[in-house]
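Colleague:
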Amino acid sequence: MENIVIEIPTKLKYLAAPIRRLVDDIDRAIAQAGDGRACDYDVFEECIAGDAAAVERASHQAMLTSLDVDTPVVTINGKRYRRVGRGPDDYYTMAGPVPVGRTLYREAGVRNGPTVDPVSLRAGVVGDGWLPRTAQAMAHDIQRGTSREAAESNRVKCRLPYSRCSFERVGHLVGEQYQACRVEVEDALAQLMSVPPEAASVSASIDRVSIPMEEPRDRPVGRPRKDAPKNPVQRVFKMAYCATVTLHDAKGKSLHTVRYGWMPPTDTEALADALACDVAAILRKRPDLRVVLLADGAPEMWNLLESHLGAKALGLDPQQVFSFLDLWHVLEKLGKAAKIIWGADAVDEHVVGWKRRLLRRKSAVKSILAELRMSGREWVRAGDEHPVHEAITYLDNNGERMQYKRAVEHGLPVGSGNVEATCKSLVQQRMKRPGSRWKYDSGERVLQLRALALSDRWRNAMRLTLAPLATSVLAEMEEKAAA
Numbered sequence: 026m027e028n029i030v031i032e033i034p035t036k037l038k039y040l041a042a043p044i045r046r047l048v049d050d051i052d053r054a055i056a057q058a059g060d061g062r063a064c065d066y067d068v069f070e071e072c073i074a075g076d077a078a079a080v081e082r083a084s085h086q087a088m089l090t091s092l093d094v095d096t097p098v099v100t101i102n103g104k105r106y107r108r109v110g111r112g113p114d115d116y117y118t119m120a121g122p123v124p125v126g127r128t129l130y131r132e133a134g135v136r137n138g139p140t141v142d143p144v145s146l147r148a149g150v151v152g153d154g155w156l157p158r159t160a161q162a163m164a165h166d167i168q169r170g171t172s173r174e175a176a177e178s179n180r181v182k183c184r185l186p187y188s189r190c191s192f193e194r195v196g197h198l199v200g201e202q203y204q205a206c207r208v209e210v211e212d213a214l215a216q217l218m219s220v221p222p223e224a225a226s227v228s229a230s231i232d233r234v235s236i237p238m239e240e241p242r243d244r245p246v247g248r249p250r251k252d253a254p255k256n257p258v259q260r261v262f263k264m265a266y267c268a269t270v271t272l273h274d275a276k277g278k279s280l281h282t283v284r285y286g287w288m289p290p291t292d293t294e295a296l297a298d299a300l301a302c303d304v305a306a307i308l309r310k311r312p313d314l315r316v317v318l319l320a321d322g323a324p325e326m327w328n329l330l331e332s333h334l335g336a337k338a339l340g341l342d343p344q345q346v347f348s349f350l351d352l353w354h355v356l357e358k359l360g361k362a363a364k365i366i367w368g369a370d371a372v373d374e375h376v377v378g379w380k381r382r383l384l385r386r387k388s389a390v391k392s393i394l395a396e397l398r399m400s401g402r403e404w405v406r407a408g409d410e411h412p413v414h415e416a417i418t419y420l421d422n423n424g425e426r427m428q429y430k431r432a433v434e435h436g437l438p439v440g441s442g443n444v445e446a447t448c449k450s451l452v453q454q455r456m457k458r459p460g461s462r463w464k465y466d467s468g469e470r471v472l473q474l475r476a477l478a479l480s481d482r483w484r485n486a487m488r489l490t491l492a493p494l495a496t497s498v499l500a501e502m503e504e505k506a507a508a
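Under the working numbering, the first residue of the sequence shown is numbered 26, with each subsequent residue one higher.
(1) Can you check which of these residues, Pro124, His333, Gly134, is closest to Arg105 by C-alpha distance?
(2) Spatial neighbours of Pro143 within its chain, please: C-beta separation below 8 Å, excluding the five flanking residues on both sides.
(3) Identify, in the order they occur along the chain, each residue of the same chain with its Cβ nearer than 8 Å to the Cβ of Cys206, setting aside the five sequence neighbours on each side.
(4) Among all the DSSP beta bridges, which residues are the ones paired with Val227?
(5) Which value, in whole angstroms, describes the spacing of the CA atoms of Leu40 and Thr118?
(6) Taking a contact to mean a Cβ-Cβ separation below 9 Å, would you say Ala299 touches Ala268 in this structure?
(7) Opposite Ala407 in the DSSP bridges: which residues?
(8) For His414, collect the residues of the same chain with a Cβ closer than 7 Å to its Cβ; drop the 5 residues on either side in sequence, then sort them by chain order.
(9) Label Gln344 either buried or exposed according to how many other C-beta atoms from any shown protein chain fall within 10 Å of its C-beta, with 16 as the threshold for buried.
(10) From the DSSP output, in three-state form, read off Pro186 for me.
(11) I'd like the span of the alpha helix (DSSP H) that includes Trp353, first residue to last.
(12) Which whole-angstrom value is the C-beta distance of Ser230 and Val433, which I expect to be below 8 Å?
(13) Classify Lys104 as helix, strand or coil using the three-state DSSP reduction.
(14) Can we say the segment 465-473 touches the segment 313-325, given the rule of at least three CB pairs closer than 8 Å?
(15) Output the boundary residues of the beta strand (DSSP E) element that contains Ser279.
(16) Note down the Cα distance separating Ile55 from Glu32, rounded to an integer number of angstroms.
(17) Counting only runs of 4+ residues fully inside the segment 96-160, write out the alpha helix (DSSP H) ranges in chain order.
(18) Assess contact between the segment 373-384 and the segment 450-461, defined as three or more Cβ pairs (one per stretch) separated by less than 8 Å. Is contact present?
(19) Going by DSSP, name the residue or residues bridged to Pro241.
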């Protein structure tokens, strides 16, 4: 049998043994498969996954070794550092840890100061030796589920062979790094966002959703029990905020949504400012887009939207900005009223008729209000509610935002489904698992990372967040160092 000879440079000597082992294992498996019997392919897959991981680790070892700088003095960010020693350390890759020898430096003139190493600085590691791609992969797993799930999932996939504690720690390190430069990164992401040619409008929505928080609990009066916790806590629900900026086509169909989340307590002004910045960045690229503000009937939401994204705030013609109350909230209120007036069997018939009128007639709100008032059922109870009275009040207070005929004429969206879905996918699916409770800092990191992933902004955001960690290490000439 003929063999193919591959030459490996001496500087890549780390690759020789794992490549040889990979080839031998494949050759041995092929030889054993020639007798026609069934093959336990799972064993083969696991074997070559381990061999490929060894090749990957050796590749990292060769590259990381080349990043070391071993001179008496180096310059880092304009400051001089002196060599204080050498030693091995582990760097963590997608395929597992890799030992690398590196030189240690300390800032010149600083006694007992922290040491740095060129390998970590030049590679832009996160925390203590976590390579950028590895760190962001672990952070992505953390925003999707718990650290236990992340560790078990990767064990099955034969990738990222690290403990749940490592996933937790590294995921939060990436989240902390993102939060430190979040404003700058969000501005850059807004500039990078492409607007598809079929886009005809952009909508902005805000909503709230409860989230379980951990808070200190007062100790009971008197002497505590023997097994009483030293730091008692309680699980309380508070309101988190979600928001969306969505591009729509000429028929009001969603094309792309950017999602936001804020843990309680929330700076609502900063929230609205973030939305306004993204909308303004989109309008700079496409000044012809119409702007649509969508929300339910909560006055707080409308105050935020109209003060930061109204025509005056955005510097637009008032005819270019539209405000619509979510149509499905309106129909929900009308459905409860119809049940009181005509009974449960006739609800669908009347609600469909009202919906048709709202979408086709400019005077629909007035005519529906007249029907509700003339029904004589305004103060009929349903449990603790007065559905007909509540529907009348809802239409009275928000009638100016129910001009759905204008939305149909201009091909604009009339529902806040994007922000409603964001409340579920961003917060409920990840943050409201049974028994879960969050502190502000940890919850904010996970929520922000999850918002990036759900907005299809992950890759660009991680590049902008982690790229600044890579730092140049410049070796000084020997004669200059001696002087």
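A virtual CB, placed ideally from N, CA and C, is assigned to each residue, including glycine.
Modeller: In this structure, then:
(1) Gly134
(2) Leu92, Asp93, Val94, Val99, Arg127, Thr128, Tyr130, Val498
(3) Leu489, Thr490, Pro493
(4) Leu272, Val316
(5) 16 Å
(6) yes
(7) Glu410
(8) Glu403, Trp404
(9) exposed
(10) coil
(11) 352-367
(12) That belief does not hold up - the Cβ atoms of Ser230 and Val433 are roughly 19 Å apart, past 8 Å.
(13) strand
(14) no
(15) 279-287
(16) 24 Å
(17) 143-148
(18) no
(19) Val258
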